[in-house]
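Using the working numbering, you'd call the opening residue of the sequence shown number 25 and step up by one each time. By construction, the Cβ of each residue, glycine as well, lies at the ideal position given by its N, Cα and C atoms.
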Amino acid sequence: MAHRTLAVIQRLPAGLSAALVLALTLGTLAAVALRADVGGGLTSGDWAAIRFTLWQAAASAGVSVLLAIPVARALARRRFPGRGALLILLGAPFILPVIVAVLGLLAVFGRGGLMNAGLVNLGVKPLSIYGAGGVVLAHVFFNLPLAVRLILQGWLSIPAERFRLAAQLNAPIWRVLELPMLARHAPAALLVIFLICLTSFAVVLTLGGGPRATTVELAIWQAIRFDFDLGRAALLACVQFALCAVAAVVAWRVTPVLGFGQGLDRTVARWDQSPWDWAWLTAVTLFLVLPLCLIVWRGVPALPGLGAEIYFAALRSIAVALAATALCLCGALALALHGGLFVTVIGVLPLAASALVMGTGLFLIVFPFVSPAAVALPVTIAVNAIMALPFALRLLAPAVADIKADYGRLAAILGLGPLATLRIVTLPRLKRPLRFAAGLTMALSIGDLGVVALFATPAQETLPLAMYRLMGAYRMEAAAGAALLLLTLALGAFWVCDRGGDRDADA
25 MAHRTLAVIQ RLPAGLSAAL VLALTLGTLA AVALRADVGG GLTSGDWAAI
75 RFTLWQAAAS AGVSVLLAIP VARALARRRF PGRGALLILL GAPFILPVIV
125 AVLGLLAVFG RGGLMNAGLV NLGVKPLSIY GAGGVVLAHV FFNLPLAVRL
175 ILQGWLSIPA ERFRLAAQLN APIWRVLELP MLARHAPAAL LVIFLICLTS
225 FAVVLTLGGG PRATTVELAI WQAIRFDFDL GRAALLACVQ FALCAVAAVV
275 AWRVTPVLGF GQGLDRTVAR WDQSPWDWAW LTAVTLFLVL PLCLIVWRGV
325 PALPGLGAEI YFAALRSIAV ALAATALCLC GALALALHGG LFVTVIGVLP
375 LAASALVMGT GLFLIVFPFV SPAAVALPVT IAVNAIMALP FALRLLAPAV
425 ADIKADYGRL AAILGLGPLA TLRIVTLPRL KRPLRFAAGL TMALSIGDLG
475 VVALFATPAQ ETLPLAMYRL MGAYRMEAAA GAALLLLTLA LGAFWVCDRG
525 GDRDADA
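In structure tokens, the structure reads:
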């Protein structure tokens, strides 16, 4: 009886974490489904939003992967000073606040941006970043680096001995080695980016929004904030969940299968290098760095003029991020310690449920009882934690499995209980993935502009929402200062959380 009670106590944290995930994914979906105005059906505008959602996700994923192939190929066959820094830069857009990147892209490609200034000087009609083209451009900015990193792993998985053998046989590298590798890795990258773009909200909110550039998530937000048509919002949320669920399942199952055999991890000198490699690497570096440089350039003079409300919004963002990070790490650690197929399924669910769908469900649940604005920050904390959970779980679960395999039997022989094993054996060896997961969650939460846009009033606004309102009021100088502050907080939080990982790993 005592052993059974102890087993129940050990499973309790994982059970609570799983219950929270189920409540915020399937529970909110049930609330949405019960309120959905099925009888009213989808309007022509709703069908247009569905078509645009699928089109922009497919176009963004396709362009990102197509551009990533020559960039990843150049990185795979070139060794040069600064290559490591460029690889770090390719990871930055993933933790970069979306609203900050949008402002940077406006500084380059907007009406008063550098590109249009050059076109006007050449006598060419300026281009508009707003609409479908701007949405795809912003998504490529965020997802091109991710596609490069994913496809580069495929290139690096080809053993060096294969390249040497191809050289000896004078075989075409592209046809016999690289193209088969891309056939396995490119579809996986395409589907992952397609799923990310399906759930994009802040990009479409700032650069789209017109009748021809409205996604399902933006239509949900407009139905609640402008029309207060909860039935239509619920129906659209069901559609969005279905789209994300199908994409998530397909993306989860389509993983690259290694077929080249194992090599000896040697670095091979490639003889098939091309001068175009430098052109691609220079272009992608400028594309990523120039918007960030302009944010810093325009934001520094605006910092002294920011009002107190911006700094209060920044403090709220930090508080929300700290709470979301603590909740996410506790849940991910509990699920990783439990392990099993059930945990894998729980980790997939947040990928299928977008933040706006969860926010819509929670809005419908709390609206009859309290004002949604009263619970804006707690809801934002919970949703941010759940949305970051799959990434944290992917970082922690393999490390926990390795620790159990290496030290589990020894801990049992020494008679260590679950808490003692966690404190003495597991947590010291999880410092590096825990730090990285914490930094990732902090950065994503600080820069999130999602569910908070449904609930918050100016009294509860976070820094991304305050920055969006400044942009909407055409106060671009103040928005640039807020963007620099937000960028500093997001990158600083990631650095503070992750800075000791390498040092501790060597201890």
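A straight-line Cα-Cα distance of about 44 angstroms links A429 and T77. Comparing alpha carbon positions, the residue from A379, G65, L176, V273 closest to F225 is A379.
Residues P37, A38, V424, L446, T450 of the same chain have their beta carbon placed closer than 8 angstroms to that of L361, with the five preceding and five following residues left out of the count.
Around the beta-carbon of I112, fewer than 16 other beta-carbon atoms lie within 10 Å, marking it exposed.
Of the other Cβ atoms in all chains shown, 16 or more fall within 10 Å of the Cβ of I217; this residue is therefore buried. The C-beta of E333 has fewer than 16 other C-beta atoms within 10 Å across all chains shown, which makes the residue exposed.
Short of 6 angstroms from the beta carbon of P117, and not among the five residues preceding or following it, lie these beta carbons of its own chain, in chain order: F166, P169. Assignment of S395 by DSSP, reduced to helix, strand and coil, places it in the coil class. Residue burial annotation: W71 is exposed, with fewer than 16 other C-beta atoms found within 10 angstroms of its C-beta. In this structure, DSSP gives F225 a state outside helix and strand, which the three-state scheme calls coil. Selection L260, F252, Q264 evaluated against C221 yields Q264 as nearest (Cα-Cα).
For L180 and A303, the gap between their C-alpha atoms comes out near 21 angstroms. Taken through DSSP and simplified to helix, strand or coil, P482 comes out as coil.
Within the region 422 to 457, no run of beta strand (DSSP E) reaches 3 residues while sitting entirely inside it. L316 places its beta carbon less than 8 angstroms from that of G128. Between the region 346 to 365 and the region 487 to 501 there are fewer than three C-beta pairs closer than 8 angstroms, too few to call the two in contact.
The region 480 to 488 makes no contact with the region 496 to 504; the number of CB pairs closer than 8 angstroms stays below 3. Of S84, A171, G136, A397, the smallest CA-CA separation from L114 is found for A171.
Taking 8 angstroms as the cut-off, the beta carbon of V320 is found no closer than this to the beta carbon of T404. Comparing C-alpha distances from P94 to each of V324, P211, R103, L176 shows the shortest one belongs to L176.
One Cα belongs to G505, the other to A261, and the distance between them is close to 35 angstroms.
When Cβ pairs closer than 8 angstroms are counted between the two stretches, the region 462 to 474 is seen to touch the region 397 to 415, the count reaching three or more.
With the rule of 3 Cβ pairs closer than 8 angstroms, the region 47 to 55 counts as touching the region 383 to 392. When L509, M495, V520, A406 are compared, the shortest CA-CA separation from A461 is found for V520. With a beta-carbon spacing of about 6 angstroms, I370 and L359 fall inside the 8 angstroms limit used to define contacts. Considered as a whole, the region 136 to 172 harbours 138 to 145 as its complete alpha helix (DSSP H) runs of no fewer than 4 residues, in chain order.
Residue environment for N140: buried (at least 16 other C-beta atoms within 10 angstroms of its C-beta). At a Cβ-Cβ threshold of 8 angstroms, L254 and R59 count as neighbours. Burial state of A275 is buried, judged by a 10 Å Cβ sphere holding 16 or more other Cβ atoms. Around the beta carbon of A43, fewer than 16 other beta carbons sit within 10 angstroms, so the residue counts as exposed. In the structure shown, A237 adopts coil according to DSSP, grouped into three states.
Shown here, Y335 sits in a helix according to DSSP, grouped into three states. Counting only residues of its own chain and dropping the five nearest sequence neighbours on each side, C352 has a CB closer than 6 angstroms to the CB of A409, A412, L413, A416, T465. When rounded, the separation of the alpha-carbon atoms in D301 and F104 is 12 angstroms. Per DSSP, P328 is not a residue of any alpha helix (DSSP H), being assigned neither H nor E.
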